[in-house]
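*Asks:* Going line by line, the protein sequences match chains B, P and U.
To convert a position in the first sequence, counted from 1, into my numbering, add 160.
To convert a position in the second sequence, counted from 1, into my numbering, add 203.
To convert a position in the third sequence, counted from 1, into my numbering, add 4.
Before I ask anything, here is the structure I am working with.
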Amino acid sequence: MSVLKVTGLTKNFGGLSAVSNVNMEIEQGELIGLIGPNGAGKTTLFNLLTGVYEPSEGTIELNVDGKMISIEGKKPYVISTLGVSRTFQNIRLFKELTVLDNVRIGMHQSVKTSVIGSILRTPGFYREEKMLEEKAYELLKIVHLDEHAEDLAKNLPYGKQRRLEIARALATNPKILFLDEPAAGMNPQETAELTELIHELKEHFHLTIILIEHDMSLVMSICERIYVLDYGRLIAKGNPQQIKSNKRVIEAYLGEDASC
Amino acid sequence: MKNWMKKENLLWLGLIVLSYAVLNILISAGIINNVYKTVLMTIGINIILAISLNLIIGITGQFSLGHAGFMIIGAYSCGVMLKSFVSGVPGVFLGIIAGMVISAFVALVVAIPTLRLRGDYLAIATLGFGEIIRIVILNMKITNGAAGLILPKAVSWHMIFWAVVICTIVVVNFGRSAHGRACISVREDEIAAEAMGINTTQYKILAFVLGAMIASVAGALYAGAFYVIKPDMFTYSKSIDILVLVVFGGMGSITGSFISSTLVSLLNTVLQQFSSVRMIVYGLALVVIMVFRPSGLLGRKELTFSGLLKVLKKGKGAAQ
Amino acid sequence: MTQFLQQMINGLSLGSIYALVALGYTMVYGIIKLINFAHGDIYMLGAYIGFIVTTKLGLGFFPALVISMAGCALIGVTIERIAYKPLRNATRITALITAIGVSYFLEAGTQRVMGAGVQTFPNVLANETIMFGDVRISTQQIVIFSVTIVLMVALTFLVNKTKVGRAMRAVSVDPDAARLMGVNVDATISFTFAIGSALAGAAGVLVGLYYNSINPLMGMLPGIKAFIAAVFGGIGIIPGAMLGGFFIGVVETLVAGYWSSLWKDAVVYLILIVILIVKPAGLLGKNVKEKV
Chain B
161 MSVLKVTGLT KNFGGLSAVS NVNMEIEQGE LIGLIGPNGA GKTTLFNLLT
211 GVYEPSEGTI ELNVDGKMIS IEGKKPYVIS TLGVSRTFQN IRLFKELTVL
261 DNVRIGMHQS VKTSVIGSIL RTPGFYREEK MLEEKAYELL KIVHLDEHAE
311 DLAKNLPYGK QRRLEIARAL ATNPKILFLD EPAAGMNPQE TAELTELIHE
361 LKEHFHLTII LIEHDMSLVM SICERIYVLD YGRLIAKGNP QQIKSNKRVI
411 EAYLGEDASC
Chain P
204 MKNWMKKENL LWLGLIVLSY AVLNILISAG IINNVYKTVL MTIGINIILA
254 ISLNLIIGIT GQFSLGHAGF MIIGAYSCGV MLKSFVSGVP GVFLGIIAGM
304 VISAFVALVV AIPTLRLRGD YLAIATLGFG EIIRIVILNM KITNGAAGLI
354 LPKAVSWHMI FWAVVICTIV VVNFGRSAHG RACISVREDE IAAEAMGINT
404 TQYKILAFVL GAMIASVAGA LYAGAFYVIK PDMFTYSKSI DILVLVVFGG
454 MGSITGSFIS STLVSLLNTV LQQFSSVRMI VYGLALVVIM VFRPSGLLGR
504 KELTFSGLLK VLKKGKGAAQ
Chain U
5 MTQFLQQMIN GLSLGSIYAL VALGYTMVYG IIKLINFAHG DIYMLGAYIG
55 FIVTTKLGLG FFPALVISMA GCALIGVTIE RIAYKPLRNA TRITALITAI
105 GVSYFLEAGT QRVMGAGVQT FPNVLANETI MFGDVRISTQ QIVIFSVTIV
155 LMVALTFLVN KTKVGRAMRA VSVDPDAARL MGVNVDATIS FTFAIGSALA
205 GAAGVLVGLY YNSINPLMGM LPGIKAFIAA VFGGIGIIPG AMLGGFFIGV
255 VETLVAGYWS SLWKDAVVYL ILIVILIVKP AGLLGKNVKE KV
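Right, dumping it as structure tokens:
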């Protein structure tokens, strides 16, 4: 059963096609890698799929409770409530807030207490706050950040900030998780831990994960299928073995001379 | 955890009751005379204005320079009510309610188009809206145009005291709830907030409308307490005065707004005879604060009893 | 028709003044993304310098214009060095609040030194009325219009054809890259302030001549309207500021002439809000989106 189906997706900026005619079909529970040289349009594709940009052409369909519905042109927060969450290439945490609050904000869609109820401090408010806090701690434990719950997000070291972004994304209770260069700036030890974590999360939350990554060892070791973008076009797809030996992929990465 | 929170709340309650009692004693003993009582009332009104703008600027990060527009709506709602319909305390209450309803509606009309703008553009657009509101009131018949309204005194310092308490509780409780956190996330990073499922537009509008309603309460109390209201008392300079209170105390800090409103109101009283000196001091203070301490007196920190306890403990620890 | 033409002429005269002030706003915003709230007060200071030079020193119109421009340039640079330079890397809002502080300081300072009341600006140019059919044009209007056009042509030449103009354009696109290419960024920013302030100073003298009265708060409203003019044309774009200035001047005069002067300010604010909502980059600007 496919959870995400992309057909003929195109995004033009001025006269430039950042993404052109991309087709993808992703099955429930897959772990997909999205790779390509710098400027190939990977992040733009993520921004299209999460609603930050509106596509120029094409459709994006998402499986919501067994029905495929179109989400192109919908606002990011709507798409988020439909079960899509993400992290950002250039970490976008709520820096001045605590680690705990970052995760609690991620759980916002589940909040039931009204504004009036919050101002009047109804018993329901206290119950819900307690529940949010407990759930947030659970998530923080999974990404090994529970000890930092009261720290400000901006004071975390880089690797932990990336993990916090993942925890915050999970707090929205997603079915599909987009990770934009989760290992960027990490040392090999941290990358190994992250690889482990991604596996755990996928099993624990029954997630479909799509990740952009430049660290090929990570991509090749965990991704079941890989899509390759170059100049906004999909130039290859397949399992790691197929991608490694794909001539067009090698050309794209090394330039045309290398293939001769 | 819950019990501990209750303890902090009880301490605040104690402080409120204590301040009320002390003020009552000082006034009945004549230590606070009528001049100081006026200052006290000004401080209260300024606190309400400052925290209401702080909700918009400090907590939600939306820069508004049109706050005087909502104060004037409150002032004239109450003024017209007292003058033409119901006098005395009931008139004030009805005026406050009318002001809140009208300013909520106007704030909605202002917010929906302008809150798409960012930063300095939003500031100028809200300034424009604030001035338009003022010019509309200036051109109305029932408001008596540029001459303004002369009103009987209908608001006592008791009313202002409790209005400060209620408005503060509303803002603080809102700020410390899931909805308040959503507003803060808008301030911190709009794109990330959207991606986390937060309808950022809705929260910006919510904070703006709530802030506008509270500002109109301050305006209504002002009309009932200070005899005269005129449209030219509520130009964008007034919005800037309110902004100064928020910036000086620290954008995002409610206790900071309390401190700055008190200090600035006192300073204004001292410098009342020298209005140009006052403005020079104002101007220099703004520049100096922005250059050397852009986060204001308290930054985003709050003065709390638990914070005080922590400091005391630390002090003890250091002494041993 | 006669009345319309008359209003247009009056509107263009007022618009010339807005345009001159708007140029300073737009140049400063273009280069350091600051809404220089104090810019309207520089214009007020220009009027006061002109007033002092003509009444105390007894000089004529053109010396007053030049001295006022030079004085305002100096004041503008001083303000930039003291108040704005330390905030280069601060948020735009911090810078805006600082500019508001500077504005308060200049207004209150002038009130303190020159008195809060209105002063009469001397008639340093013979004012004759020329009739074109039934339409009246005063020599003052002709002077205002000509001075504005000359200054605009000079500015356009400066920005587009000289080395320092190229530096200004480079810094406005990317200050860091400009620095790497050997542009003295600080000097360029100061120079921009100097030019913008000099234009405001000229506008101050012209307005003193036109209305015959000046006061320390005269810069507040025209300052905001000039800013609106800059936004209307597309902030950061020099021809946009000129266009916006004339447009706002004409609209204001028409509203006052055909409807009510009580509503003219409200209409200008409404124009601002409409343009910000419909095309925030302004009439001549391009929209840009934040990169994620």
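Note that CB positions come from ideal geometry on N, CA and C, so glycine has one too.
1) Does the distance from the CB of residue 215 (chain B) to the CB of residue 232 (chain B) come in under 8 Å?
2) How about residue 222 (chain P): is its C-beta nearer than 8 Å to some C-beta of chain B?
3) Do residue 173 (chain U) and residue 10 (chain U) have their beta-carbon atoms positioned less than 8 Å apart in this structure?
4) How many whole angstroms separate the CB atoms of residue 21 (chain U) and residue 46 (chain U), which I take to be in contact at a CB cut-off of 8 Å?
5) Please go through the same chain and pick out, in chain order, the residues whose beta-carbon is closer than 7 Å to the beta-carbon of residue 176 (chain B), but skip the five residues on each side of it.
6) Per the contact definition of three or more C-beta pairs closer than 8 Å, is the stretch 227 to 243 of chain B in contact with the stretch 286 to 301 of chain B?
7) Is it the case that the Cβ atoms of residue 125 (chain U) and residue 265 (chain U) are separated by a distance below 8 Å?
8) Show which residues of chain B have a CB atom less than 7 Å away from the CB atom of residue 503 (chain P).
9) If you count every other CB in all the chains shown that lies within 10 Å of the CB of residue 228 (chain P), and 16 or more means buried, which is it?
10) Quick one: is residue 350 (chain P) near chain B, going by C-beta distance under 8 Å?
11) Going straight from the alpha carbon of residue 241 (chain P) to that of residue 364 (chain P), what length do you get?
12) Using a Cβ-Cβ cutoff of 8 Å, what residues of the stretch 323 to 349 of chain P are near chain U? List them in chain order.
13) Excluding the 5 residues preceding and the 5 following residue 418 (chain B) in the sequence, name in chain order all residues of the same chain whose CB lies nearer than 8 Å to its CB.
14) If we define contact as Cβ-Cβ less than 8 Å, is residue 197 (chain U) a contact residue for chain P?
15) Give me the DSSP bridge partner(s) of residue 219 (chain U).
16) Under the DSSP definition of a beta bridge, which residues are partnered with residue 390 (chain B)?
17) Applying a beta-carbon distance threshold of less than 9 Å, which residues of chain C neighbour residue 409 (chain P)?
18) Between which two residues does the alpha helix (DSSP H) carrying residue 25 (chain U) extend?
19) Residues of the stretch 287 to 298 of chain B with a CB closer than 9 Å to any CB of chain P: list them in chain order, please.
20) Per DSSP, what kind of secondary structure is residue 126 (chain B) in: helix, strand or coil?
21) According to the Cβ coordinates, are residue 503 (chain P) and residue 256 (chain B) closer than 8 Å?
22) What is the DSSP secondary structure of residue 143 (chain U), counted as helix, strand or coil?
23) Among the candidates U:228, U:245 and U:129, whose CA atom is the shortest distance from the CA of residue 62 (chain U)?
24) In terms of alpha-carbon separation, which member of U:88, U:75 and U:263 lies closest to residue 33 (chain U)?
25) Can you give the Cα-Cα distance for residue 255 (chain U) and residue 345 (chain P), rounded to whole angstroms?
26) According to DSSP, is residue 228 (chain B) helix, strand or coil?
27) So which residues on chain B does residue 399 (chain P) lean against when the C-beta distance must stay under 7 Å?
28) Starting from residue 133 (chain U) and walking both ways along the beta strand (DSSP E), at which residues does that stretch end?
29) Roughly how many angstroms lie between the CA atoms of residue 13 (chain U) and residue 146 (chain U), to the nearest whole one?
30) Using the Cα positions of residue 15 (chain U) and residue 258 (chain U), report the straight-line distance between them to the nearest angstrom.
31) How would you label residue 272 (chain B), buried or exposed, when you count the other beta carbons within 10 angstroms and need 16 or more for buried?
32) For residue 275 (chain P), report the span of its alpha helix (DSSP H) as first-last.
33) Ignore the nearest five residues each way along the sequence and tell me which others in residue 197 (chain U)'s own chain have a CB closer than 7 Å to its CB.
34) Please list, in chain order, the chain P residues whose beta carbon lies closer than 8 Å to that of residue 267 (chain U).
35) Using CA atoms only, rank isn't needed, just tell me which of U:290, U:284 and U:289 is closest to residue 323 (chain P).
36) What does a CB cutoff of less than 6 Å around residue 261 (chain U) pick up in its chain, not counting 5 residues either side in sequence?
*Replies:* On the basis of the supplied data:
1) yes
2) no
3) no
4) That belief does not hold up - the Cβ atoms of residue 21 (chain U) and residue 46 (chain U) are roughly 13 Å apart, past 8 Å.
5) none
6) no
7) no
8) 256
9) exposed
10) no
11) 12 Å
12) 323, 324, 326, 327, 328, 330, 331, 332, 334, 335, 338, 339, 341 and 342
13) With a pLDDT of 46 at residue 418 (chain B), under the threshold of 50, the modelled position of this residue cannot be trusted; read the value that follows with caution. So the list reads 410 and 411, once near-sequence residues are dropped.
14) no
15) The partner list for residue 219 (chain U) (beta bridge, DSSP) is empty, contrary to what the question assumes.
16) B:393
17) Checking the listed chains, one finds no chain C in this structure; the protein chains it contains are B, P and U.
18) 6 to 36
19) 288, 289, 290, 292 and 293
20) A question about residue 126 (chain B) goes unanswered here, because the residues of chain B that appear run from 161 up to 420.
21) yes
22) helix
23) U:129
24) U:88
25) 29 Å
26) strand
27) 240, 265, 266, 268, 328 and 332
28) 133 to 136
29) 10 Å
30) 7 Å
31) exposed
32) 270 to 283
33) 32, 80, 81 and 84
34) 338 and 342
35) U:284
36) 11
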